[in-house]
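Note sheet for the following structure.
Residue numbers (the working numbering): 14 to 204.
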């Protein structure tokens with residue numbers, strides 16, 4: 014039975030997810046109306062990261078064309094990565110580790126687990142941007158493990174194993190779909 018999406022505002026849920034509030038992950042798991050809200054969270058994080066990356070490119074002389082491509086590729090990549098990650102964790106968690114979840118539960122919880130990524134808008138700041146990106150990546154990974162654990166209803170060890178096993182094909186797929194074309198475009202532009 015789905016809960017009303019108004020049971021938590023987008024910003025409130027993003028903040029709670031970033032604070033590793035287990036209750037929000039449980040709420041999202043069961044709120045079947047929150048998938049669009051999770052997509053909005055992914056979009057906000059994607060735009061933040063893409064803007065930070067594009068600003069960095071412009072500040073370091075890559076040109077507006079590369080920056081625009083980074084914006085578009087960053088947003089598309091975030092959505093593709095979210096869907097791929099959710100379905101891989103669903104498949105691995107349910108088939109290998111006996112978790113119980115639906116793809117929708119994985120989409121909702123993992124969408125909000127990306128919330129710390131909003132800080133990547135500051136990625137263009139020299140030195141701080143790289144450190145912040147590492148901190149955000151680790152923070153988001155921890156949020157992802159909590160999301161996996163809560164959605165699949167199993168222990169932290171199985172959640173970590175699911176995350177690690179799912180990461181490898183997710184990384185390869187993302188690299189092929191986004192990374193290689195981005196590198197080729199950057200090379201073609203002479204940057």
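Backbone N, C-alpha and C fix where the C-beta goes; we use that ideal spot for every residue, glycine too.
Fair warning: this is a prediction, and the values are worked out from it, not measured in the lab.
Practice problem: Report yes if the C-beta of residue 23 is less than 6 Å from at least one heavy atom of the ligand MN; otherwise report no. | Solution: Judged by which ligands are present, the structure shown has none, so any question about the ligand MN falls away.
Quiz item: What are the start and end residues of the alpha helix (DSSP H) that includes residue 149?
Solution: 141-165
Quiz item: Are at least three pairs of beta-carbons, each pair with one atom in the stretch 150-162 and one in the stretch 79-94, less than 8 Å apart?
Solution: Here the stretch 150-162 makes no contact with the stretch 79-94; the two share fewer than three CB pairs at distances below 8 Å.
Quiz item: How is residue 138 classed by DSSP in three states: helix, strand or coil?
Solution: coil
Quiz item: In terms of residues, what are the limits of the alpha helix (DSSP H) holding residue 25?
Solution: 23-31
Self-check item: Of the listed residues 23, 28 and 38, nearest to residue 129 (C-alpha basis)
Solution: 28
Practice problem: Since I believe residue 175 is in contact with residue 161 (beta carbons under 8 Å), could you give me their beta-carbon distance rounded to a whole number of angstroms? | Solution: 5 Å
Quiz item: Rounded to a whole number of angstroms, what is the C-alpha to C-alpha distance between residue 17 and residue 65?
Solution: Caution is warranted here: a pLDDT of 44 is assigned to residue 17, below 50, making its placement in the model unreliable, and no coordinate value can be reported.
Quiz item: Using the rule of at least 16 other Cβ atoms within 10 Å of the residue's Cβ for burial, across every protein chain shown, is residue 177 buried or exposed?
Solution: exposed
Quiz prompt | Nearest candidate by alpha-carbon position, reference residue 118, set 38, 197 and 69 | solution = 38
Quiz item: Between the C-alpha atoms of residue 89 and residue 134, what's the straight-line distance to the nearest angstrom?
Solution: 17 Å
Quiz prompt | residue 74, DSSP secondary structure in three states | solution = coil
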